[in-house]
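Numbering follows full-length UniProt numbering, with no gaps: position 106 of the sequence shown is 106.
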Amino acid sequence: MSENAFLTVTDLRAGYGGARVLHGVSLAVGQGEICAILGPNGAGKTTLLRALSGMVRVRGDVRLDGADLSGRSPDTIARQGVAHVPEGRGTFMPLTVEENLRLGAFVRRDRRSLRGLRDLRGRRGGSAVDADLERVHTYFPVLKTRLKQVAGSLSGGEQQMLAIGRALMLRPRLLLLDEPSLGLAPMVTQELFRIVRAVNEEERTTVVVVEQNAHLALSIAQQAHVLESGRIVLSGSAEQIRADEQVAQSYLGYR
Ligand code: ATP
């Protein structure tokens, strides 16, 4: 674990109704790091991200830069700068690309973002939100060419780009990505991961990424954790995890 961690999770327990899914997860992520969460289906990876963004009730302790996030609402957690891109992307299909992006700025703390929301239908801008739209376009130029198109008409890769772009409109300090590669062609996935790395490097955004494609996740992450049945069974640097015999067999498809 990193000393002076930016995100610290201690003995996190969470589940649905009476069914406990996470049984005491502890991890720490340094500021500006990328942390990969690997593990088999049903291990609780999605639930871990949901717990971090306040979408499921938790017990235990979650801190971001010292601020206690445990038990806080999704809205409060988003205001602390946590952006969650869920599995399945969570974009609003009937809305245009631009409307989706502007909605991403909605919970921001700066008052100008409210103006951004009023401008949802694309009135003249000049606000901080407009500047952030431009920023998102530099990472995802294709979105700029699709601004007036409804999200539902985008390709899978473009939708994932929109989902991440929308999250970036929050100017997140912590970006939570759930299975960004799901259903995408390998080349599209590689491009997405390259962009996530660029965002991380240029903006020092801390990233926690849940990913079935362990090769790809470990190629951009500094550290990784393997989750099985709601418990972390292995933690280490990306190189250590890649070198682990069991991981190689189970997740990397060799040895
Ligand atoms: P996958 O890779 O298949 O998405 P995962 O590691 O992300 O798996 P979770 O989606 O967190 O795992 O699911 C962990 C457990 O929680 C599973 O047994 C699942 O059936 C259960 N679960 C997930 N969502 C709910 C829900 N909304 N209500 C009840 N149980 C749920």
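The C-beta atom is built at its ideal place from N, Cα and C for all residues, glycine as well.
query                                                                                               : result
Neighbour-count burial assignment, V233, 16 or more Cβ in a 10 Å radius                             : exposed
Cβ pair count under 8 Å reaching 3, the region 215-224 against the region 46-54                     : no
E202 to L133 span [Cα, whole Å]                                                                     : 16 Å
Assigned secondary structure, G116 (DSSP; H/G/I helix, E/B strand, else coil)                       : Confidence at G116 is low in this model, with a pLDDT of 48, below 50, so its placement is unreliable and the value that follows should be read with caution. Three-state DSSP puts G116 in a helix.
Closer than 7 Å: Y16 CB and nearest ligand 1 heavy atom                                             : yes
Per DSSP, the bridge partner or partners of G230                                                    : The partner list for G230 (beta bridge, DSSP) is empty, contrary to what the question assumes.
Length of the line joining the Cα atoms of G17 and V56                                              : 10 Å
The beta strand (DSSP E) enclosing L170, as first and last residue numbers                          : L170 -> no beta strand (DSSP E), and no H or E assigned at all.
N213: CB within 7 Å of a non-hydrogen atom of ligand 1                                              : no
Start-to-end residues for the beta strand (DSSP E) that takes in G15                                : 7-16
CA nearest to the CA of A128, picked from R171, L147, G157, S155                                    : R171
Reference L7, options G32, Q246, R79, G39, closest by Cα                                            : G32
Contained alpha helix (DSSP H) runs [length at least 4] in the region 66-93, N- to C-terminal order : 74-79
Distance CB(R89)-CB(R59) smaller than 8 Å                                                           : no
Nearest-angstrom beta carbon gap, L168 and V199 [assumed within contact, 8 Å]                       : 7 Å
Under the three-state DSSP convention, the category R63 falls into                                  : strand
Proximity to S229 [Cα-Cα], best of N41, T10, S237, Q159                                             : N41
Neighbour-count burial assignment, S181, 16 or more Cβ in a 10 Å radius                             : buried
Boundaries of the alpha helix (DSSP H) in which S219 is found, first to last residue                : 214-220
Straight-line gap, A28 to Q190 (C-alpha atoms, nearest Å)                                           : 26 Å
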